[in-house]
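Have a look at the structure below, then the notes.
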Amino acid sequence: MVSLFLSDIYAKGSILKPLLLAASILVGLNACTPVLVDKLPYYKLDVVQGVPFDPQPVLSIQPGMTRQQVALELGTPLLKSVFRENRWDYVYEIVRGGKIKQKTSLTVHFNGDVVSSVEGDALEAARQQMQGKEPVQSSLYTPQAASTPAQMQPETVLTPVQQ
Numbered sequence: 001m002v003s004l005f006l007s008d009i010y011a012k013g014s015i016l017k018p019l020l021l022a023a024s025i026l027v028g029l030n031a032c033t034p035v036l037v038d039k040l041p042y043y044k045l046d047v048v049q050g051v052p053f054d055p056q057p058v059l060s061i062q063p064g065m066t067r068q069q070v071a072l073e074l075g076t077p078l079l080k081s082v083f084r085e086n087r088w089d090y091v092y093e094i095v096r097g098g099k100i101k102q103k104t105s106l107t108v109h110f111n112g113d114v115v116s117s118v119e120g121d122a123l124e125a126a127r128q129q130m131q132g133k134e135p136v137q138s139s140l141y142t143p144q145a146a147s148t149p150a151q152m153q154p155e156t157v158l159t160p161v162q163q
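Residue 1 is where the sequence shown starts when you use UniProt numbering, and the numbers rise one by one after that.
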């Protein structure tokens, strides 16, 4: 039965052969399109790059500070440019499902070994946090820690068993 079908496909003048060729080309080209790949239900890992900015150290960086003082306050920069030695870039980025959900950056410019300027959206976010206002894009990975002594106490008190 299969051999009859194959002989029909390869017969001279058969229209089935060009049809199968065209169909296989269309299926092959369709497999290469990113539209279909984006619709596939596979899991994309959340990617967190950098360290969330703490408002106190961000606002403490002032012109006149040394590189060592900046490194003590903010840590080592995520990006140190080989071509621009007088620039340190601190970046915090959260990518969910392959799309950037939050990106905060801080750039510290140096003149020699001394800070000349500080710029970036982390400054405004730090100012808003210090004033009690939450920034527009709050951190998606904020640890839920107890902030008052009452919250630190266990809910149940264990007592020794009396015999």
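Note that the Cβ used here is the ideal one computed from N, Cα and C, for glycine as well.
**OP:** Rank N86, E85 and A122 by C-alpha distance to the C-alpha of K103 and give the top, closest one.
**Re:** Here residue 103 is taken as the residue at index 103 of the sequence shown, counted from 1. Closest by alpha carbon: A122.
Subject >> Classification of L140 by the beta-carbon crowding that lies within 10 angstroms, buried from 16 upward >> reply: Your numbering for residue 140 matches position 140 in the sequence shown. Note on L140: pLDDT 40, under 50, position unreliable in the model; the coordinate value appears next. L140 is exposed by the Cβ-count criterion.
Original post:
Would you call the CB atoms of L72 and Y90 closer than 9 Å?
Top reply: Walking along the sequence shown from the start, residue 72 turns up at place 72. Walking along the sequence shown from the start, residue 90 turns up at place 90. It is not a contact, given that the beta carbons lie outside the stated cut-off.
Original post:
Opposite T76 in the DSSP bridges: which residues?
Top reply: In the sequence shown, counting from the first residue as 1, residue 76 sits at position 76. DSSP, once it has assigned bridges, lists no residue as partnering T76.
**OP:** State whether the stretch 43 to 50 contacts the stretch 63 to 71, with contact taken as three or more CB pairs (one from each stretch) at a distance under 8 Å.
**Re:** no
Original post:
Are the Cβ atoms of L78 and V58 separated by less than 9 Å?
Top reply: Here the question's residue 78 lines up with position 78 in the sequence shown. Here the question's residue 58 lines up with position 58 in the sequence shown. The answer is no: Cβ separation not under 9 Å.
Original post:
Per DSSP, R96 forms a beta bridge with which residues?
Top reply: Indexing the sequence shown from 1 puts residue 96 at position 96. According to DSSP, which records beta bridges pairwise, R96 is partnered with K99.
**OP:** Would you please state the rounded distance, in angstroms, between the beta carbons of V118 and I25? I believe it to be under 8 Å.
**Re:** To locate residue 118, count along the sequence shown from 1; it is residue 118. To locate residue 25, count along the sequence shown from 1; it is residue 25. Contact flag wrong, Cβ pair sits at about 57 Å.
**OP:** Could you tell me the distance, in whole angstroms, from the CA atom of P52 to the CA atom of Y43?
**Re:** The count along the sequence shown starts at 1 and reaches residue 52 at position 52. The count along the sequence shown starts at 1 and reaches residue 43 at position 43. Their Cα atoms are separated by approximately 24 Å.
**OP:** Within the same chain, show all residues whose beta-carbon is closer than 7 Å to that of K80, passing over the 5 residues directly before and after it, in chain order.
**Re:** Residue 80 sits at position 80 when you count from the first residue of the sequence shown. Result list for K80: W88, in chain order.
**OP:** Consult DSSP for S81 and reduce its assignment to one of helix, strand or coil.
**Re:** Position 81 of the sequence shown, counting from 1, holds the residue named residue 81. Reduced to three states, the DSSP call for S81 is coil.
Original post:
Quick one: what does DSSP say Q68 is sitting in, helix, strand or coil?
Top reply: Indexing the sequence shown from 1 puts residue 68 at position 68. In this structure, Q68 counts as helix in the three-state DSSP scheme.
Subject >> Assigned secondary structure, L21 (DSSP; H/G/I helix, E/B strand, else coil) >> reply: Translated into positions along the sequence shown, residue 21 becomes position 21. In the three-state reduction of the DSSP assignment, L21 falls in the helix class.
Original post:
Any idea if F110 is buried or exposed, counting beta-carbon neighbours within 10 angstroms, 16 or more meaning buried?
Top reply: Residue mapping note: residue 110 aligns to position 110 of the sequence shown, counting from 1. Per the 10 Å Cβ criterion, buried.
**OP:** Return helix, strand or coil for V58, following the three-state DSSP convention.
**Re:** Stepping through the sequence shown from its first residue, residue 58 is reached at position 58. The answer is helix: DSSP assigns V58 an H, G or I state.
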